[in-house]
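Number 148 in full-length UniProt numbering belongs to position 148 of the sequence shown; there are no gaps in the numbering.
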Amino acid sequence: MFAPIIQLFGDEYLRHPTPYDLQRLLHLGEQRGFPGMVGSIDCMHWKWKNCPNAWKGIDLNILDRSPVFDDIINGIAPEVNFYVNGREYHLAYYLTDDIYPNWATFVQSIRLPQTEKQSLFAKTQESVRKDVERAFRVLQARFAVVKNPSKLCDKEKIGNIMKACIILHNMIVQDERD
Numbered sequence: 001m002f003a004p005i006i007q008l009f010g011d012e013y014l015r016h017p018t019p020y021d022l023q024r025l026l027h028l029g030e031q032r033g034f035p036g037m038v039g040s041i042d043c044m045h046w047k048w049k050n051c052p053n054a055w056k057g058i059d060l061n062i063l064d065r066s067p068v069f070d071d072i073i074n075g076i077a078p079e080v081n082f083y084v085n086g087r088e089y090h091l092a093y094y095l096t097d098d099i100y101p102n103w104a105t106f107v108q109s110i111r112l113p114q115t116e117k118q119s120l121f122a123k124t125q126e127s128v129r130k131d132v133e134r135a136f137r138v139l140q141a142r143f144a145v146v147k148n149p150s151k152l153c154d155k156e157k158i159g160n161i162m163k164a165c166i167i168l169h170n171m172i173v174q175d176e177r178d
């Protein structure tokens, strides 16, 4: 049921950003006070009601399952040039929370800010990063199938449902933007 959506539209709506997309994302990041930022990254918990007993309690590590992270892990991040506090940087980055590793391509908030400047950074970073949390809420509001616990037993089918919902969500976002 979901495989045809992925087959027909996956290449367009689950793709890497084009040069035009990248420039648009960098411009948005700059407007929000984060030059060099291409977006925010977070994870969404989706309960698996019929998870096999042998797998219960095992957390799937998203870093091992996302093509976005494949590029980051392999040192392939979009090359950009920007300055922060007079220092030049060459790799785009994502805003994250503290569950992600301390990599140059992840910018986290400051957990316990000590100065006014650190407090302002933490507040701004956390505010801007809310976009990804809103996107997950919208995804779950549009598609009840990913809001409620999955009753399937097949990991591949569950993954295809999520991919299809993301494709449809991205199609709606693009249509609303155009």
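All C-beta atoms, glycine included, are put in the ideal place defined by N, C-alpha and C.
- For Arg32, no beta strand (DSSP E) segment is defined, and its DSSP state is neither H nor E.
- Residue state for Leu95 is assigned as strand, using DSSP reduced to three classes.
- Just measuring C-alpha positions, the residue of Asn148, Asp175, Arg24 and Ser40 sitting nearest Asn50 is Asn148.
- For the pair of segments examined, the segment 94–103 was found to touch the segment 38–47: the number of CB pairs separated by less than 8 Å reaches three.
- Val107 has Leu95 as its beta-bridge partners, per DSSP.
- Within its own chain, the residues whose Cβ lies closer than 7 Å to the Cβ of Arg142, once the five positions on either side in sequence are excluded, are His169, listed in chain order.
- In the DSSP assignment, Tyr83 falls outside any alpha helix (DSSP H) and within the unbroken beta strand (DSSP E) covering Glu79 to Val84.
- When the beta-carbon positions are compared, Ile161 and Phe2 come within less than 8 Å of each other.
- Under the three-state reduction of DSSP, Arg87 is assigned to strand.
- Where Arg15 is concerned, there is no enclosing alpha helix (DSSP H), because DSSP gives it neither an H nor an E.
- Counting every other CB atom within 10 Å of its CB across the protein chains shown gives Leu112 a total below 16, marking it as exposed.
- A residue is called buried once 16 or more other Cβ atoms fall within 10 Å of its Cβ, and Arg129 is buried on that count.
- Short of 8 Å from the beta carbon of Asn102, and not among the five residues preceding or following it, lie these beta carbons of its own chain, in chain order: Gln108.
- Across the structure, Gln114 and Thr124 are spaced so that their CA atoms are roughly 15 Å apart.
- Taken atom to atom, the span from the alpha-carbon of Ile5 to that of Glu12 is near 11 Å.
- Assignment of beta-bridge partners to Gly39 by DSSP yields Tyr94.
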